[in-house]
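**Q** Pasting in a structure now, in C-alpha cells, and then I'll have a few things to ask.
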Amino acid sequence: MYTPQAENKFTFGLWTVGNIGRDPFGEPTRKQLSPVEIVHLLAEVGAWGVNFHDNDLVPITATAAEQDKIVKDFRQALDDTGIVVPMATTNLFSDPAFKDGAFTSNDSKVRAYALQKTMNAIDLGVSLGATTYVFWGGREGTETDAGKDPVTAIKRSREAMNYLCEYVRDQGYDLKFALEAKPNEPRGDIYNATTGNMLAFIETLDHSEMVGVNPEVAHEHMAGLNFTHHVAQAMEQNKLFHIDLNDQAFGRYDQDFRFAAVNLKSAFFIVKLLEDNGYDGCKHFDAHAYRTSDYEDVKAFARGCMRNYLILKEKVQRWNADSEIQGLLAYINEDDGSMDGYMGQYSSDKAAALRAQTFDRAALGERGQPYEALDQLTIEILLGVR
Ligand code: GLT
Ligand code: MN
Ligand code: MN
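Everything in the sequence shown is counted per my numbering, starting at 18 for the first residue and increasing by one.
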C-alpha cells in the first residue's frame, strides 16, 4: 500500500540523494556518486523521475566531447532503469561569476552569461525529456541594498524571463517555467522572497501563461509562513507547475529534511490539499539525508520521503471518510440559503435588499465553531488511534 507507483510521480534531484554532506562548517561526509550511480539508486528505492541542474550532470569545466560521453551514459542509465527526466534547471549560484546574482547582477556581462548558460541548460534538459524548467535564484539578492536598486532588480528579472520564454517559443519546445521563491540563504535577502511575490511577478510577464511556481515547504517555513496557504493560492490560479516537498523547523537555516520529518500536521494538510484538488504534477523531494548518513541511510531517507507521502495520503482518505468529521464539517458549513438573495454576483437590487436587512449581531457572535473537536479528531487520525 505504501509502495511508490509511477502515477505518484515521485522525483528527486541529482543533488538531493547525491548530496555529499558538505556544510558551511564541514567537509563532505559521503563520496560523490556519478549521475549514473544516482539514477540506479533512485530506481532501487522506487522513484519515478530524476531532475538535475546543468552542472549536476555536466561539470561546468567539461569539454564538448566530455559532455557527449556523460549525456550518453546518463541516457543509457535512464533507459536501463525506466527513470524519466520531467524537470531540469540551471545552476546560477555556485560559480563565483554569480556571486552577486545572475539575472539581477549589476554586471551586464554576468547577466548575458547567465542567459547563455540557461539557454544551453534548457537545450540539455529538453533533450533528455524535461517539460518543466525550474528557476531558483539563490544569488538574486543582496547583503546591502546600497549596492543594487531593488526596482532595477525586478526589471532585470522580468527582462530575463521574457527573453527566455521567447527562446523556448522560438525553439518550439514544449516547456513551462516554474519559479521558486526563497526568503534568504545564500544571500542575506533574496528578491521575490515568497511564492506570493512570485505569483504577482508572473502576471507582469509577456508570456505569463508559460510561467508558474515551484513552492518549497522549507522556504515558506523559513519565512514563518503557512506553506499550504501559499500552495493553495498557486493552485487556485492554475499556477502550481511543480512542488518541492521537504521539511524544516521554523526559524532555522535551510534544513531540507526528509518530507514530514518535522511538522507532521502541516505535512498532512499539504498532502490533503494536493490530493483533494487532484494535483497531478511531479512531487519532487528537494531534500537530503542527514550529514551523518551513509548511502544505505540515504536510501532510507529517500524511501522515507515517499512512504511518508503515501501514509499521509491514506490518512487523508481516512479523514475524508470519517463520519464524525464529516458531521462536524456539515455543521460548520451549514447554510439555509436565506442569504442567497443578498450575495454573490453584485446587482444594485441585491445591494438595496442587503442594506434593508437587519442582522442579530449578538446571535451571530454567539455561535461557536467546533474546531477544537475537529482538530483533535485530526490529531487522533495522525496518531493512528482512529
Ligand atoms: C538548491 C535549492 C533548492 C532548489 C534547487 C533548484 S537547488 O538545492 O536549495 O531549493 O530547488 O535550483
Ligand atoms: Mn531548501
Ligand atoms: Mn527547492
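Note that the Cβ used here is the ideal one computed from N, Cα and C, for glycine as well.
(1) In the DSSP assignment, the beta strand (DSSP E) including residue 302 goes from what residue to what residue?
(2) What is the rounded straight-line gap between the Cα of residue 371 and the Cα of residue 378?
(3) For the alpha helix (DSSP H) that residue 197 lies in, which residues bound it at each end?
(4) So, helix, strand or coil for residue 274, using DSSP?
(5) Within the continuous beta strand (DSSP E) that includes residue 105, where are the two ends?
(6) Residue 35 and residue 55: beta carbons closer than 9 Å?
(7) By Cβ distance, which residues of its chain are closer than 8 Å to residue 28, with the 5 residues on each side in sequence left out?
(8) In chain order, what residues of the same chain have a beta carbon less than 7 Å from the beta carbon of residue 276, not counting five sequence neighbours either side?
(9) Going by Cα to Cα distance, which pick from 200, 178, 130 and 143 is closest to residue 160?
(10) Can you list, in chain order, the residues of its chain whose CB lies under 8 Å from that of residue 100, leaving out five sequence neighbours each side?
(11) Taking its Cβ as the centre, do 16 or more other Cβ atoms sit within 10 Å of residue 350, making it buried, or is it exposed?
(12) Evaluate the contact criterion for the stretch 333 to 350 versus the stretch 373 to 393: three or more CB pairs, one atom per stretch, below 8 Å.
(13) I think residue 118 touches residue 157, with their Cβ atoms under 8 Å apart; what is that distance to the nearest whole Å?
(14) Do residue 296 and residue 252 come within 9 Å of each other at the CB atom, strictly closer than that value?
(15) One question on the structure: do residue 197 and residue 243 come within less than 9 Å of each other, judged by their Cβ atoms?
(16) Can you look up residue 69 in the DSSP assignment and give me helix, strand or coil?
(17) Check each candidate in 20, 239, 397 and 125 and name the one with the smallest Cα separation from residue 62.
(18) Residue range of the alpha helix (DSSP H) that residue 101 falls in?
(19) Candidates 366, 344, 402 and 292: which alpha carbon is nearest residue 25's?
**A** The structure says:
(1) For the purposes of this step, residue 302 is taken as the residue at position 285 of the sequence shown. Unbroken beta strand (DSSP E) run through residue 302: 300 to 302.
(2) Against the sequence shown, residue 371 aligns to sequence position 354. Against the sequence shown, residue 378 aligns to sequence position 361. For the pair residue 371 and residue 378, the Cα-to-Cα distance works out to about 15 Å.
(3) Indexing the sequence shown from 1 puts residue 197 at position 180. Residue 197 -> not in any alpha helix (DSSP H); beta strand (DSSP E) instead, spanning 193 to 197.
(4) Locating residue 274 in the sequence shown gives position 257, where the first residue counts as 1. Strand, per DSSP.
(5) Here residue 105 refers to the residue found at position 88 of the sequence shown. First-last of the beta strand (DSSP E) with residue 105: 104 to 106.
(6) Looking up residue 35 in the sequence shown gives position 18. Looking up residue 55 in the sequence shown gives position 38. Contact flag set, yes.
(7) To locate residue 28, count along the sequence shown from 1; it is residue 11. Result list for residue 28: 64, 65, 66, 67, 68, 103, 104, 299, 300, 301 and 302, in chain order.
(8) The sequence position of residue 276 within the sequence shown is 259, counting from 1. Result list for residue 276: 262, 263, 264, 284, 302, 304, 322, 325 and 326, in chain order.
(9) Working through the sequence shown from its first residue, we reach residue 160 at position 143. Of the candidates 200, 178, 130 and 143, the one whose C-alpha sits nearest the C-alpha of residue 160 is 200.
(10) As a working mapping, residue 100 is identified with position 83 in the sequence shown. For residue 100, where only same-chain residues beyond five positions count, the Cβ hits under 8 Å are 56, 59, 60, 64, 65, 66, 67 and 94.
(11) Position 333 of the sequence shown, counted from the first residue, corresponds to residue 350. Classified as exposed, residue 350 has fewer than 16 neighbouring CB atoms from the shown chains inside 10 Å of its CB.
(12) Per the Cβ contact rule, the stretch 333 to 350 is in contact with the stretch 373 to 393 (3 or more Cβ pairs under 8 Å).
(13) Along the sequence shown, read from residue 1 onward, the residue named residue 118 stands at position 101. Along the sequence shown, read from residue 1 onward, the residue named residue 157 stands at position 140. Correct: roughly 5 Å between the Cβ atoms.
(14) As a working mapping, residue 252 is identified with position 235 in the sequence shown. As a working mapping, residue 296 is identified with position 279 in the sequence shown. Result yes, Cβ atoms of residue 252 and residue 296 sit closer than 9 Å.
(15) As a position in the sequence shown, residue 197 is number 180, starting the count at 1. As a position in the sequence shown, residue 243 is number 226, starting the count at 1. Pairing residue 197 with residue 243 gives a Cβ-Cβ distance that is not under 9 Å.
(16) Within the sequence shown, the letter at position 52 stands for residue 69. Strand, per DSSP.
(17) Along the sequence shown, read from residue 1 onward, the residue named residue 62 stands at position 45. Of the candidates 20, 239, 397 and 125, the one whose C-alpha sits nearest the C-alpha of residue 62 is 20.
(18) If you number the sequence shown from 1, residue 101 lands on position 84. For residue 101, there is no enclosing alpha helix (DSSP H), as DSSP marks it with neither H nor E.
(19) As a position in the sequence shown, residue 25 is number 8, starting the count at 1. The shortest Cα separation from residue 25 among 366, 344, 402 and 292 belongs to 292.
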